[in-house]
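Residue numbers (full-length UniProt numbering): 1 to 314.
Report on one structure; see the data block that follows.
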Amino acid sequence: MGEFELIRRYFSPLAGQSRAGSLVLGPGDDCAIERVASGHELVFSVDTLVEGVHFPAGYDPEHLGWRSLAVAASDLAAMGAQPVCFTLALTLPEASPEWLDPFSRGLSRASRAFGLELAGGDTTRGPLTLSLQVHGEVPSGAALLRTGAEAGDFLCVSGTLGAAGAALDYLDSVSPSEDERAVLERYHAPVPRLNLGIALRGVASAAIDISDGLLADLGHILEASGVGADLDCQAMPVSSAVTRLKGQAEALRLALEAGDDYELCVAIPPALWKELPEAVRTQLSIVGKVVSESGITGIEGSLVAGGYDHFGSK
C-alpha cells in the first residue's frame with residue numbers, strides 16, 4: 001500500500017469531525033487553514049509517543065489510536081481550551097491493514113469524542129512513533145496557566161488517581177479480575193477533562209494536567225507561581241480498585257507519584273470555589289492548599305516529587 005492510498009483509506013475520513021467549525025481547509029493540500037474567531041486565541045501543543053517508551057512493544061493498535069489523541073487533548077483541557085483540530089505525524093515499520101484498521105478505529109472514536117478534526121499530517125517508514133499536535137481556542141486572556149496560584153488557594157484534583165500507574169503491572173494479564181480491568185481501562189482509554197477545563201475558566205488561578213504524577217506536575221505549578229503546597233493525604237482521591245489490589249499505602253504512593261492519569265490539578269481561591277456549580281465541584285477533590293513557603297509538606301518522608309522525567313537519572 002502506498003503512502004497516498006494509506007492516507008485516503010485510513011485518515012481522510014477523520015476530517016470533518018470538529019464541533020468548533022474553525023477548520024477552513026483540512027487534509028489534501030500543502031497546509032491546513034484554521035480560522036480563529038475574533039476575540040479568541042489559538043492554543044496548541046504537541047506530544048510524541050515512541051514504542052517501548054510511552055507504550056509497550058506490540059501494544060493493541062486500537063487502544064493506541066484512542067490513547068494517543070487523549071494524551072494530546074489533555075493539554076487542551078489543562079488550558080481550558082475548546083478543541084478544534086489535530087495533526088498526526090505517523091512513523092511505522094510497514095503499512096499493514098491488520099495494524100492500521102484498528103488504529104484508525106481507535107483514533108476516529110477519540111476524534112469524535114473529543115471534538116477534534118484531523119487537519120493533516122505526515123507518514124513515513126521507520127520505528128513506530130506518533131507525534132500529534134492539537135489545536136484549541138480560548139477567549140482572549142482566558143487560558144488557564146501554571147502561573148497565578150496564591151497562598152490560601154485550595155488545591156484540587158479531578159477524578160481519582162493511581163489507576164493508570166497500577167495498570168502497568170497487569171498489561172500482560174490473560175484473565176484480569178474486575179479490579180484489574182478497571183485499572184487497565186484507565187490506562188488504555190484515558191478521558192481528558194475538556195469540559196471541566198472550560199468550566200474552570202475565570203475560576204482556577206492555575207492549572208495543569210496530571211501526566212507525570214501529581215507531585216511532579218503540582219511542582220510545575222508551584223515553581224511557576226513561586227509558592228508551595230500543604231497536602232492532605234487523607235483527602236487524596238485514591239482509586240478504590242487500586243486500594244483493593246495494592247493496599248492503602250501503595251495506592252497512596254501511586255496516587256501521588258504515578259503518571260498517566262490525565263486528570264486536572266488546579267488551584268482555586270476559596271471565594272470562587274463557593275460560587276462553582278455543584279456539578280463542577282463534585283468532579284473535584286480538595287487535597288490541600290497553597291502556602292507562601294516553597295516546597296510540598298504533608299506527605300510521607302519516603303515520597304519525593306519525582307514523577308516521570310525522560311532525561312532524568314536512572
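All C-beta atoms, glycine included, are put in the ideal place defined by N, C-alpha and C.
Quick caveat, the model's predicted, so the values are computed rather than measured.
Own chain, CB closer than 7 angstroms to residue i, minus 5 neighbours either side, in chain order
i           : result
Phe103      : Pro61, Glu62, Leu64 and Gly65
residue 316 : Residue coverage of the chain in this structure runs from 1 to 314, which leaves residue 316 outside it and unanswerable.
His220      : Arg146 and Ile208
Leu194      : Ala73, Leu76, Ala77, Pro83 and Phe114
Glu293      : Gly228
Ser173      : Glu180
Ala241      : Ala163, Asp179, Ala182 and Val183
Limits of the alpha helix (DSSP H) - the one that residue i falls within
i      : result
Val280 : Glu278 to Arg281
Val71  : Pro61 to Met79
Ala89  : Counting along the chain, Ala89 falls outside any alpha helix (DSSP H), though it belongs to the beta strand (DSSP E) covering Gln82 to Leu92.
Ser104 : Pro97 to Phe114
Gly121 : Careful: Gly121 lies outside any alpha helix (DSSP H), inside the beta strand (DSSP E) at Glu117 to Arg125.
Leu145 : Per DSSP, Leu145 belongs to no alpha helix (DSSP H) and is neither H nor E.
Gly197 : Leu194 to Ala199
Val183 : Glu178 to His188
Per-residue burial, residue i [other beta carbons within 10 Å of its own, 16 or more giving buried]
i      : result
Arg263 : Checking the displayed sequence, the identity of residue 263 turns out to be Glu instead of Arg. Flag for Glu263 reads buried.
Cys31  : exposed
Lys246 : buried
Ala267 : buried
Ser205 : buried
Pro97  : exposed
Asp309 : At Asp309, the pLDDT of 47 sits below 50, so the modelled position is not reliable; the number obtained from the coordinates is stated separately. So Asp309 counts as exposed.
Val304 : Low confidence applies here, because Val304 scores a pLDDT of 48, under 50, leaving its location unreliable; read the following figure in that light. It is exposed - the Cβ of Val304 has fewer than 16 other Cβ atoms within 10 Å.
Gly39  : exposed
Ser302 : Only weak support exists for where Ser302 lies, its pLDDT of 44 falling under 50; the value from the coordinates is given anyway. Exposed.
Glu137 : buried
Glu257 : buried
Gly26  : buried
Asp101 : exposed
Thr243 : buried
Ser175 : exposed
Ala149 : buried
Gly80  : buried
Ala249 : exposed
Ser211 : buried
Pro277 : exposed
Ala167 : buried
Gly295 : exposed
Arg157 : Note on residue identity: the sequence assigns Val, not Arg, to residue 157. Val157 should be labelled buried.
Ser177 : exposed
Ala251 : buried
Residues of its chain near residue i, where Cβ-Cβ distance is below 8 angstroms and the 5 sequence neighbours each way are ignored
i      : result
Val94  : Val is not the amino acid found at residue 94; the sequence shown has Glu there. So the list reads Arg125, once near-sequence residues are dropped.
Glu34  : Ser22, Leu23, Val24, Leu42, Val84, Cys85, Ala119 and His135
Glu152 : Residue identity differs from the one stated: residue 152 is Gly in this sequence, not Glu. Contacts found: Pro269, Pro270, Lys289 and Val290.
Arg281 : Trp273
Ala57  : Glu51
Gly259 : Ala164, Gly165, Ile210, Ser211, Asp212, Gly213, Ala216, Gly307 and Tyr308
Pro190 : Arg67, Ala70, Val71, Ser74, Ala164, Asp260, Asp261 and Tyr262
Glu5   : none
Tyr170 : Pro176, Glu180, Val183 and Leu184
Residue i, enclosing beta strand (DSSP E) - first and last residue
i      : result
Ile208 : Ala206 to Asp209
Pro139 : Thr129 to Pro139
Pro27  : Here Pro27 belongs to no beta strand (DSSP E), and DSSP marks it neither H nor E.
Glu41  : His40 to Val50
Leu168 : Segment: none, Leu168 is in no beta strand (DSSP E) and carries neither H nor E.
Leu155 : Phe154 to Ser158
Same chain, Cβ closer than 6 angstroms to residue i, five either side skipped, listed in chain order
i      : result
Ser239 : Thr160, Gly162 and Ala163
Ala255 : Leu161, Gly162, Met236 and Val238
Ala89  : Gly121, Asp122 and Ser131
Leu92  : Leu128
Val71  : Asp47
Val230 : The amino acid occupying residue 230 in the given sequence is Asp; Val does not appear at that position. Excluding positions up to five away in sequence, the list reads Gly288, Lys289, Val291, Thr297 and Gly298.
Ala142 : Arg201
Arg9   : none
Interface flag, residue i vs chain B, CB-CB below 8 angstroms
i      : result
Glu257 : Within the model displayed, chain B is absent; a lone protein chain is all it includes.
Does the count of Cβ pairs from the segment 194-202 and the segment 211-219 closer than 8 angstroms reach three? no
Contiguous beta strand (DSSP E) assignments of at least 3 residues, all confined to the segment 221-298: Here the runs fully enclosed are 228-231, 264-268, 284-291 and 295-297.
Examine the Cβ distances between the segment 222-236 and the segment 106-126 and report whether three or more of them are shorter than 8 angstroms. no
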